[in-house]
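The numbering of the sequence shown is our numbering, which starts it at 226 and goes up by one. Heads up, the beta-carbon is just placed ideally off N, CA and C, and yes, glycines get one too. What follows is one structure encoded as structure tokens, with my remarks underneath.
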Amino acid sequence: MDICRANKRKYYRFRADRFYGGIATADCMGCNLDCAFCWSYRTRIHPERIGTFYAPEEVAQRLVRIAREHGFRAVRISGNEPTLCTAHLLAVIQTVEQLDPSLLFVLETNGIKLGEDEPFAGALATCPNLHVRVSFKTGTPENFELITTRPREWFELQLRAVEHLHTHNASFHVAVIAEYAHEYLLQRLGLISPAILKSLEYEQLTIHPSIQRRMKERGLLELQRRI
226 MDICRANKRK YYRFRADRFY GGIATADCMG CNLDCAFCWS YRTRIHPERI
276 GTFYAPEEVA QRLVRIAREH GFRAVRISGN EPTLCTAHLL AVIQTVEQLD
326 PSLLFVLETN GIKLGEDEPF AGALATCPNL HVRVSFKTGT PENFELITTR
376 PREWFELQLR AVEHLHTHNA SFHVAVIAEY AHEYLLQRLG LISPAILKSL
426 EYEQLTIHPS IQRRMKERGL LELQRRI
């Protein structure tokens with residue numbers, strides 16, 4: 226998956242979006258999961274067919290320009306998994322802060338890389354303009370495997386990411402798909418810190434036809450009815 230070249234990363238779109246009260250968004254290529262719920266599925270499975278490589282400075286400049294044009298106070302990288310090119314991501318965050326310290330950088334991540342690499346999580350925690358949103362697709366290791374087609378052991382990496390961010394006093398919160406949330410996840414998060422549960426975000430699943438097809442293929446529609 227050719228998405229990182231030296232300090233550059235591949236992106237397929239820069240845009241203004243409505244979330245977070247309005248946010249400048251750079252849509253990147255490539256993910257380490259294969260989620261049935263993915264709204265960016267085509268760009269994830271065919272990164273060679275679309276997109277352009279950008280240096281961190283180019284990405285930061287585009288994000289800041291979009292934010293200023295629309296009066297936004299936040300920027301983000303979305304579309305796929307932003308943490309795959311670690312040095313590039315850190316440079317984008319730091320450059321945005323240099324260009325406009327008033328802008329909030331929202332990092333939306335599945336947490337796998339942060340769970341694997343505590344120093345990376347620690348480095349992110351030092352960025353004064355950063356808030357991290359750790360997204361869980363479900364609340365158990367078994368369902369994680371069904372939804373993402375990745376080893377159920379990776380679910381622990383997501384929890385470890387939360388632990389690392391908490392340990393390093395990062396600004397963060399956890400989100401979970403409401404339809405697939407589970408008491409097990411709530412218990413594990415509460416063991417890290419009860420405060421995490423107070424800011425827990427329940428994300429509503431939007432089921433497009435392509436998402437419904439993948440959910441049916443993986444037996445997730447029946448699973449949803451049982452939870």
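Buried/exposed call for residue i, threshold 16 Cβ in 10 Å
i	result
GLY276	buried
HIS295	exposed
GLY493	Nothing about residue 493 can be read from this structure; the chain reaches only from 226 to 452.
ILE270	exposed
THR374	exposed
ALA292	buried
PHE345	buried
ARG267	exposed
ARG230	exposed
Close-in-space but distant-in-sequence residues of the same chain around residue i (CB under 8 Å, 5 per side omitted)
i	result
ARG450	Any reading at ARG450 must be qualified, since the residue scores a pLDDT of 47, below 50, and its modelled position is unreliable; the value itself is stated next. Once the five neighbours on either side are set aside, ARG450 has no close Cβ partner at all.
GLU322	LEU328, PHE330, CYS352, PRO353 and ASN354
VAL359	THR334, ASN335, GLY336, LEU339, GLN383, ALA386, VAL387, LEU390, PHE397, HIS398, VAL399 and ALA400
Nearest residue (CA-CA) to residue i, options the options
i	options	result
PHE361	GLU283, LEU430 and LEU314	LEU430
LEU328	ALA348, ARG298, ALA316 and TYR427	ARG298
CYS260	PHE369, SER424 and GLY247	PHE369
LEU288	PHE239, GLY247 and VAL331	PHE239
VAL331	ASP342, GLY340, GLN319 and GLU341	GLN319
LEU414	GLU381, GLU404 and TYR405	GLU381
PHE244	LYS235, ASP227, GLU333 and TRP379	GLU333
ALA249	GLN286, LEU258 and PRO434	GLN286
PRO434	LEU371, TYR427, THR365 and CYS263	CYS263
ASN257	GLY246, CYS310 and TYR237	CYS310
TYR427	LYS235, ALA406 and GLN437	ALA406
Straight-line Cα distance separating residue j from residue i
i	j	result
VAL387	GLU273	32 Å
VAL401	ASP242	21 Å
ARG290	GLU408	42 Å
LYS423	PRO307	26 Å
GLU453	THR363	Here the chain covers residues 226 to 452 and nothing more, so residue 453 does not appear.
PHE278	ARG377	32 Å
ASP325	GLU367	43 Å
LEU411	LEU371	20 Å
TRP379	GLY246	32 Å
Cβ shell of residue i (< 7 Å), same chain only, five flanking positions each side left out
i	result
ASN232	ALA280, PRO281, ALA312, HIS313 and ALA316
ARG439	ALA261
Nonlocal neighbours in the same chain, by C-beta distance under 6 Å from residue i, ignoring five residues either side
i	result
HIS391	ILE417 and SER418
VAL284	ALA251 and VAL317
GLY347	HIS393
LEU384	ARG413
LYS338	THR308
Residue-level contact to chain D via CB, residue i, 8 Å cutoff
i	result
LEU390	Going by chain labels, chain D is absent from the structure shown, which holds only one protein chain.
If contact is defined by three or more beta carbon pairs under 8 Å, each pair taking one atom from either stretch, is the region 346 to 365 in contact with the region 388 to 407? yes
Please confirm if the region 239 to 255 is in contact with the region 298 to 306, defined as three or more CB-CB distances below 8 Å between the two stretches. yes
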